[in-house]
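So for the sequence shown, this note's numbering puts the first residue at 1; every next one is plus one.
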Amino acid sequence: MIVLVAAGWTIWEHNRDPMVVLDKKPGTIIPIVDSTLISRFLSEEREYRHIKLSTENIDTIEAFISLPLIRYMPTMPVIIVLGGLEIGIHNFRYISEPGNNVIVIYQYPYKTDQWRNNYVITQVPIVRRKILEVPAQIISLVEWIRIQSWADTSRINISGYSFGAFFAPAVYHLDNIKEQYLAPGVIAYGGVDSYQLLMTNMKKTILPLKMLASWFVSTSLHPIEPALHLPQMNNEFLIINGNMDDQIPMECWQELHQLVPEPKTIIILEEGHMHPRKPELTLKLVNLSKKWLRDKRVINP
1 MIVLVAAGWT IWEHNRDPMV VLDKKPGTII PIVDSTLISR FLSEEREYRH IKLSTENIDT
61 IEAFISLPLI RYMPTMPVII VLGGLEIGIH NFRYISEPGN NVIVIYQYPY KTDQWRNNYV
121 ITQVPIVRRK ILEVPAQIIS LVEWIRIQSW ADTSRINISG YSFGAFFAPA VYHLDNIKEQ
181 YLAPGVIAYG GVDSYQLLMT NMKKTILPLK MLASWFVSTS LHPIEPALHL PQMNNEFLII
241 NGNMDDQIPM ECWQELHQLV PEPKTIIILE EGHMHPRKPE LTLKLVNLSK KWLRDKRVIN
301 P
């Protein structure tokens with residue numbers, strides 16, 4: 001009986017329209033936190049804002065915003081950064097020479113320290129709900145950005161790195177449906193096949209438990225699976241991967257490359273996976289992204 005239920009659930013999840021799950025209407029969006037400070041993370045003093053946006057139907061949206069103190073034009077391009085799990089205002093230190101652009105770092109709605117303070121099993125449905133709300137949160141954040149006086153609404157882009165690259169395809173697919181027309185984006189250190197990615201990264205788990213956990217999590221999060229959304233992205237992308245990556249198997253990132261429609265630019269680095277302990281690699285990825293976005297006139301010099 002358990003096997004039949006599991007098989008039925010898997011078939012149902014794999015056959016339903018993922019956008020029915022992901023296309024959530026936020027309702028009224030109200031800023032509840034908007035604090036500002038002037039600081040110097042690298043070579044340039046900038047204005048930094050911490051915002052929280054309350055919504056009616058999805059969880060509170062949180063982000064950090066970096067703006068130039070001296071603005072040479074009334075509106076500026078906006079880069080929304082989807083980074084790794086441990087992301088926050090400190091990540092601005094990796095973005096050298098941001099120029100006359102607005103940088104927005106999106107904060108995921110579920111912080112990893114919450115795992116440590118709760119029973120993991122009780123958190124599974126909460127984590128699932130919050131992860132599946134991420135694309136709707138980002139699209140809602142874009143809607144809020146569009147009405148800000150400093151935003152060039154024709155040049156708002158999404159740049160996803162590592163964990164963030166997992167969400168970028170669904171965000172661009174949802175953007176196509178809503179006809180918001182995001183600018184060309186970046187997908188760095190992403191891959192497809194959630195089951196295989198989970199199997200690869202649960203290195204200390206015994207095989208039967210690893211297979212069960214990978215099946216359960218990948219099925220629970222199937223609506224966000226990148227392979228479902230990559231062919232539906234109607235835009236231009238820079239795709240970056242490392243050929244020594246021990247977290248994203250080669251077959252997973254190679255299939256991602258194949259599924260992304262043209263036009264696309266693919267860069268394969270002689271590197272492993274990006275990590276906070278590898279600041280040089282992070283800076284390299286940021287610089288590659290900035291150069292490509294500038295060449296495409298998505299951002300200002």
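Cβ coordinates follow ideal geometry from the N, Cα and C atoms, glycine included.
From a predicted model like this one, the values you see are computed outputs, not experimental measurements.
Euclidean distance between Cα positions of residue i and residue j
i, j, result
"D17", "L228", "10 Å"
"I158", "K204", "33 Å"
"I80", "K52", "15 Å"
"N118", "K291", "In this predicted model, N118 has a pLDDT of only 49, less than 50, meaning its place in the structure is not dependable; the value taken from the coordinates is given anyway. Cα to Cα, the separation comes out at about 43 Å."
"S289", "G8", "42 Å"
"N243", "I206", "27 Å"
"G88", "H50", "10 Å"
"N15", "E97", "46 Å"
"M250", "I30", "43 Å"
"I95", "P208", "42 Å"
"R155", "R46", "20 Å"
"V78", "Q148", "11 Å"
"S39", "L67", "11 Å"
"V186", "D295", "13 Å"
"M274", "I268", "13 Å"
"T36", "Y48", "6 Å"
"S214", "T75", "45 Å"
"L182", "L259", "19 Å"
"A168", "L82", "8 Å"
"A170", "L69", "33 Å"
"N287", "I11", "43 Å"
"H90", "F237", "26 Å"
"P261", "A188", "16 Å"
"V217", "R129", "12 Å"
Boundaries (first-last residue) of the alpha helix (DSSP H) holding residue i
i, result
"M250", "250–259"
"M73", "No alpha helix (DSSP H) contains M73, which DSSP labels as neither H nor E."
"K305", "This structure does not reach residue 305, given that the chain is present from 1 up to 301, and the question cannot be answered."
"V104", "V104 -> not in any alpha helix (DSSP H); beta strand (DSSP E) instead, spanning 102–107."
"T219", "207–220"
"M19", "18–22"
"L228", "226–229"
Spatial neighbours of residue i in its chain, beta-carbon cut-off 7 Å, leaving aside the 5 residues before and after
i, result
"P223", "P18, V21, L22, L132"
"V127", "Y110"
"G272", "G242, M244, D245, D246"
"R116", "Any answer about R116 is weak, because its pLDDT of 49 lies below 50 and its placement is not dependable; what the coordinates show is given next. Closer than 7 Å at the Cβ level, and outside the excluded window around R116, lies no residue."
"H257", "I239, I266"
"M73", "N100"
Cβ-Cβ separation, residue j to residue i (assumed contact under 8 Å), whole Å
i, j, result
"R71", "N100", "7 Å"
"F41", "F92", "5 Å"
"P184", "N235", "6 Å"
"L285", "Y195", "In fact, because the Cβ distance is near 26 Å, the residues do not count as touching under 8 Å."
"V134", "Y172", "Contact doesn't hold; Cβ gap of about 13 Å is too wide."
Residue i, enclosing beta strand (DSSP E) - first and last residue
i, result
"S54", "45–54"
"V186", "185–188"
"P31", "30–40"
"G160", "151–161"
"F237", "237–242"
"L198", "First-last for L198: 194–201, but that is the alpha helix (DSSP H), not the beta strand (DSSP E)."
"L269", "264–269"
Contacts around residue i, its chain only, beta-carbon distance under 8 Å, and the 5 residues preceding and following it disregarded
i, result
"L141", "L53, I61, A63, I80, V104, Y106"
"T28", "T55, E56"
"V124", "S220"
"K24", "N57, I58, E133, A136"
Neighbourhood of residue i by C-beta distance below 6 Å, restricted to the same chain and skipping five residues each side
i, result
"F163", "G84, L85"
"V192", "P226, A227, C252, E255, L256"
"I299", "P77, N101, L293"
Below-8 Å beta-carbon distance, residue i vs any chain B residue
i, result
"K130", "In summary, chain B is missing from the structure at hand, where a single protein chain is found."
Open item on the list: Pairs of beta-carbons, one from the segment 228–238 and one from the segment 195–214, closer than 8 Å: are there three or more?
Closed with: no
Open item on the list: I'd like to know if the segment 164–181 and the segment 277–284 are in contact, where contact means that at least 3 CB-CB pairs between them fall below 8 Å.
Closed with: no
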